[in-house]
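Residue numbers (this note's numbering), protein chains in the order written: chain A, 1 to 187; chain B, 1 to 190.
Each residue gets a CB set at the ideal place from its N, CA and C atoms; glycine is no exception.
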Amino acid sequence: MKKHSAQIRIILALMALLCASPVFAQNPTATGVINGTLINKNGIALIFDTDPGGVTLGAAGTSAATLDFGAISAFGPLAPGVTRTSVTAVNYTVRTVFDVQVIQGGLNSNTYTLSAQLASALPTGFSFKIDGVTLANGASNIQTNAAYNVDVPHNLDLTVSTAAPGAGGPAVGTPLSTVINFQASAN
Amino acid sequence: MKVSSINGLVLRTAALALLMLAAASGVSAQASSAQLSINLTVQSSISLVFNDNPNVGSVGFCPLTNPGTNNVGLDLGSASFPGNFHSSTCVDYAHVGASFYQVSSAFDVLVTKSNSSSPSYRLAAQISTAPPANVVWLINNIPLNNVAFTTLDLLDSYGRPVTKTLQVQVRNNVPAQLLQETITFLATAN
């Protein structure tokens, strides 16, 4: 009887050791948490890119680029990327091509409408067209169902009067500049 | 006879004095002793805290809220795909591929050990909830999920800061919303 009790105690002790051993064998751990937050906003952005067939834009890839036609004339040489599409008795037109890329994020929109307008009155003897649409001081639609995230080429035509300075023609030999504002609206 | 009377008087006086002294000092005739046995088990333990990286404030290193603890905040501000927009000056913003943007910020993880002969530790992380479609939370380019811990490192050293970068990648078709996750880091002694 006494021997039997001793055996039971030994068995219980062994069981206790077996049960306890995994606890002691477990490697210690430590935890920490980082509460990360980000507000995802929607938006739409427009950038100008240089078109392979056009003049090289200044600050390409941004929304404030510059386009330099260089020296233009009815019959003389033109800068690379500039072509002369017509010459008549009253005017001539030079053309270059530039790309517009509109990017959207977080909007339920598949296309956009592009409009453009002159920032101020043009110098005498000039007129601009984009894709055949004459620009004015009010917004003019250029494209109504344009795709996002791709470079869309647009022709920029500058028509110059052949009249002499002071007679309806532009100033000669003087750098002239103008600003065209573009707007992309999600459809 | 006279001498013995004097001796008896002296003895009685001494006994009385001792009795009075005993009563005055509160000494009891009874005594007890006690023994307190102390039992304890020392266990190995490790701790994990997040700290600001020494480059905090510069691009890619935003400050943590409550740094030096194991429960910190990391505010990445607001951002959107178009125009590289991001409101925070400390996040690193980039476009990833044609349709994702990413904001990221780095911080330090410091794991220390006590009473342990463990030479190194493993580091893993898990996000708290499934993110919206086309949103990915990563640590050092390793995507996290809310199903299981994802191992980040196998042999990190104790007492040395380990710089980790939290990245959130968002596709440009994700509607505007607040994106938030609680990312649990787990360090396990090797």
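Beta strand (DSSP E) segment containing ARG84(A), residue limits
Element bounds for ARG84(A): 83-87.
Under a three-way DSSP split, which group does ASN141(A) fall into?
strand
With respect to the beta strand (DSSP E) encompassing LEU123(B), which residues constitute its N-terminal and C-terminal limits?
Going by DSSP, LEU123(B) is part of the beta strand (DSSP E) stretching over 121-127.
Report yes if the C-beta distance between PHE195(B) and ALA79(B) is below 9 angstroms; otherwise report no.
Residue 195(B) cannot be examined here, being either before or after the span of chain B that is shown, 1 to 190.
Secondary structure of GLY83(B), DSSP reduced to three states:
Note: GLY83(B) maps to helix in three-state DSSP.
Taking the beta strand (DSSP E) that VAL136(B) belongs to, which residues open and close that run?
135-139
For PHE128(A), three-class secondary structure by DSSP
Note: PHE128(A) maps to strand in three-state DSSP.
Using the beta-carbon of each residue, which ones in chain A are nearer than 8 angstroms to ASN70(B)?
Correct list: ALA30, THR31, GLY32 and VAL33.
Residue span of the beta strand (DSSP E) that contains VAL109(B), given as start and end
100-114
Near-chain B residues of the region 83-108 of chain A (beta-carbon distance less than 9 angstroms), N- to C-terminal order
Listed by position, the residues of the region 83-108 of chain A near chain B (Cβ gap below 9 angstroms) are VAL102, ILE103, GLN104, GLY105, GLY106, LEU107 and ASN108.
Please tell me whether PHE182(A) and VAL100(A) are closer than 9 angstroms, where the distance is taken between their beta carbons.
Closer than 9 angstroms, so yes.
Beta-carbon within less than 8 angstroms of SER63(A)'s beta-carbon, same chain only, minus the 5 sequence neighbours each way: which residues are those?
So the list reads ALA45, LEU46, ILE47 and PHE48, once near-sequence residues are dropped.
Using a Cβ-Cβ cut-off of 9 angstroms, state whether THR129(B) counts as contacting chain A.
no
Distance CB(ASN134(B))-CB(ASN27(A)) smaller than 9 angstroms:
Cβ distance not < 9 angstroms, so ASN134(B) and ASN27(A) don't count as in contact.
Nearest by alpha-carbon distance to PHE194(B): which of PHE185(B), VAL168(B), ASN51(B) and ALA125(B) is it?
Outside the displayed range of chain B (1 to 190) lies residue 194(B), so it cannot be described from this structure.
Can you tell me which of the three DSSP states ILE180(A) falls into?
In the structure shown, ILE180(A) sits in a strand (DSSP, three-state: E or B).
Could you tell me if VAL147(B) is buried or exposed, where buried requires 16 or more neighbouring beta carbons within 10 angstroms of its beta carbon?
exposed
Please determine if the region 169-182 of chain A and the region 103-111 of chain A are in contact, where contact requires at least 3 C-beta pairs separated by less than 8 angstroms.
With the cut-off at 8 angstroms, the region 169-182 of chain A and the region 103-111 of chain A do not touch.
Measuring only between beta-carbons, confirm whether LYS129(A) sits less than 9 angstroms from chain B.
No Cβ of chain B is located within less than 9 angstroms of the beta carbon of LYS129(A).
Tell me the rounded alpha-carbon separation between SER202(A) and ALA176(B).
This structure cannot speak to residue 202(A), because chain A is shown only from 1 to 187.
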